[in-house]
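Okay, so here's the structure we're looking at.
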């Protein structure tokens, strides 16, 4: 075994030297290649021939905005909108307002003439009239004695009786203006006759 190892190593060394020499000598004896080398395109060998279009050539779309080329139909032209003319309404004459009718004042039928004698209804008047002049010209006061009658002359003397009391009083004013009433007593006359707000008494013209 010890003798075989040196022999194996020597054989390897000789083979390596022989391979080195052979590599150096091969370029010297190799035939010269031509200068031009044709390059082979791998992609070209597998490329399929382009299919030629049949019929009329298709026009390229150059302008996308041209709808007739893209859609293949005649595009409808866009109508230009003009500003609409608004007719101004003619001013119409305002109707003349109808005149407001005058308010109708309801007129009461005239009171019938009061009686000048007999059984009558009497009222009285006082506050609110003091200080004013009566229709016969006297100044109306709380102490004045007299009655108001619508038709008898001023100064006409009347005899009035109420529950056993009797007085002779002059006509000093006009009234009353309420239907159904014949006399308006002054405040002093009412107190002297002990007459309430409304009283039924007898009256007659003094002789």
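In the working numbering, the protein residues as written are 14 to 220. Note that CB positions come from ideal geometry on N, CA and C, so glycine has one too.
DSSP-derived helix/strand/coil call for residue i
i: residue 148; result: coil
i: residue 56; result: Note that residue 56 scores 47 on pLDDT, short of 50, meaning its location in the model is unreliable and no value can be drawn from it.
i: residue 224; result: The requested residue 224 does not occur in the structure, where the chain is confined to residues 14 to 220.
i: residue 212; result: strand
i: residue 171; result: strand
i: residue 32; result: helix
i: residue 219; result: coil
CB of residue i within 9 Å of CB of residue j, strictly
i: residue 199; j: residue 138; result: yes
i: residue 181; j: residue 196; result: no
i: residue 176; j: residue 133; result: no
i: residue 207; j: residue 178; result: yes
i: residue 186; j: residue 129; result: no
i: residue 154; j: residue 144; result: yes
i: residue 168; j: residue 149; result: yes
i: residue 124; j: residue 205; result: no
Outcome for residue i when other beta-carbon atoms lying within 10 angstroms are tallied against a minimum of 16
i: residue 163; result: buried
i: residue 188; result: buried
i: residue 120; result: exposed
i: residue 109; result: exposed
i: residue 184; result: buried
i: residue 135; result: buried
i: residue 113; result: exposed
i: residue 202; result: buried
i: residue 173; result: buried
i: residue 127; result: buried
i: residue 37; result: exposed
Below 8 Å, how does it come out for the region 208-220 and the region 141-158: are there three or more Cβ pairs, yes or no?
Taking 8 Å as the limit for Cβ pairs, the verdict is that the region 141-158 does not touch the region 208-220.
If you scan the region 158-207 from start to end, which runs of the beta strand (DSSP E) of 3 or more residues do you find wholly inside it?
With a minimum length of 3 residues, the continuous beta strand (DSSP E) runs that stay inside the region 158-207 are 170-175, 178-186 and 196-198.
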